[in-house]
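This report refers to the structure that appears directly beneath it.
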Amino acid sequence: MIWILWLTAVLCVVYYIIIAVYSGLATSFSLIWLFIAALCMILTGGWEAYIRHKDKVPLWVPVSVVTMCCTGILVFAVVEILVFTGVAAGDTSNLDYVIVLGAKVKETGITKSLKKRLDKAVEYVDKNPGTILVLSGARGEDEPVAEAEAMRDYLVYNGVREEQLILETRSHSTVENIAYSRVAIEEDQAKKKARRLNSPGIVVPGAFEEVPDKPIRVGVLTSDFHVFRAQQIAKKWGIPDIYGISCGSDPVLFIHFCVRECAAILKDKLVGNM
């Protein structure tokens, strides 16, 4: 038990250093790895003290600690299983709209995560030219331009028609991405309906009967670890039949993203976002 805890602590510190050097995430959620390392060291010291003074320590103390640790590991495992149910998607062809979620934009250009999402978007519209892409993401305080604008520039440069793109530049979180993108889709649908009403064409009386508008099909495109949460938020915020389209993520940061996503899912569930 002790050597497992020590090994875990060492691996967490090493991984923290790797991701800090690799992507400059030292001041963000990556500090969780130092926290886990410290926790493992505390548990190691506590276990050694319990072994030396077993007769003086009430049984409920080690039982409570082990129960909490096992519960935490179980919750993490269940959430991660749910996360990767979002990767296995059904038929996502010929969707009316696909919401492409933004990611950080640096002074030097788009990040690797955002590039993977955009490359997947290019691949998707090549196969489904009738789909409209909703590019979602505002400008952060440390970003040179809005994420949606950087996404548009990349997609247009790679051959996507600009009239095939809708920009949503107000959102700063996944919840806002979905909520404002839904508004953008509804506004686009209203414009299309108004154009149809203003240009009815020639109609022969009795030659047709009016039918209700066909339900639109909406998808959300994001990184593999992020699809499940995006879908659940969309269902909560008025897009019940949302299709998930996943792209790969950075292999070096993959474990970090999975841990961060677990925390984000628990938070969003707790505050009622999903």
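Each residue of the sequence shown is one higher than the last, beginning at 123 in this note's numbering.
Beta carbons are placed, not taken as given, at the ideal position from N, Cα and C, and that holds for glycine.
As the structure is a prediction and not an experimental result, all values here were calculated from the model.
Contact check for Ser258 against Ile307 fails: the beta carbons are separated by 8 Å or more. Counting of Cβ neighbours within 10 angstroms places Val201 among the buried residues, the total reaching 16 or more. Rounded to the nearest whole angstrom, the C-alpha separation of Ile173 and Ala131 is 20 Å. Annotated three-state conformation of Val282 is coil, per DSSP. Rounded to the nearest whole angstrom, the CA to CA distance from Gly341 to Val256 is 10 Å. Spanning the alpha carbons of Ala268 and Ala171 requires a straight line of approximately 54 Å. Within the same chain, Cβ atoms closer than 8 Å to the Cβ of Tyr302 are found at Ser258, Glu290, Arg292, Ser293, the five residues on either side in sequence being excluded. Considered as a whole, the segment 191-226 harbours 219-223 as its complete beta strand (DSSP E) runs of no fewer than 3 residues, in chain order. DSSP links Lys228 through a beta bridge to Gly231.
Within the segment 344-395, the runs of beta strand (DSSP E) that reach at least 3 residues and sit entirely inside it are, in chain order, 364-369. Between the alpha carbons of Ser371 and Ile232 lies a distance of about 14 Å. Around the beta carbon of Gly167, fewer than 16 other beta carbons lie within 10 angstroms, which makes this residue exposed. Just so you know, the alpha carbons of Asn299 and Gln353 end up roughly 12 Å apart.
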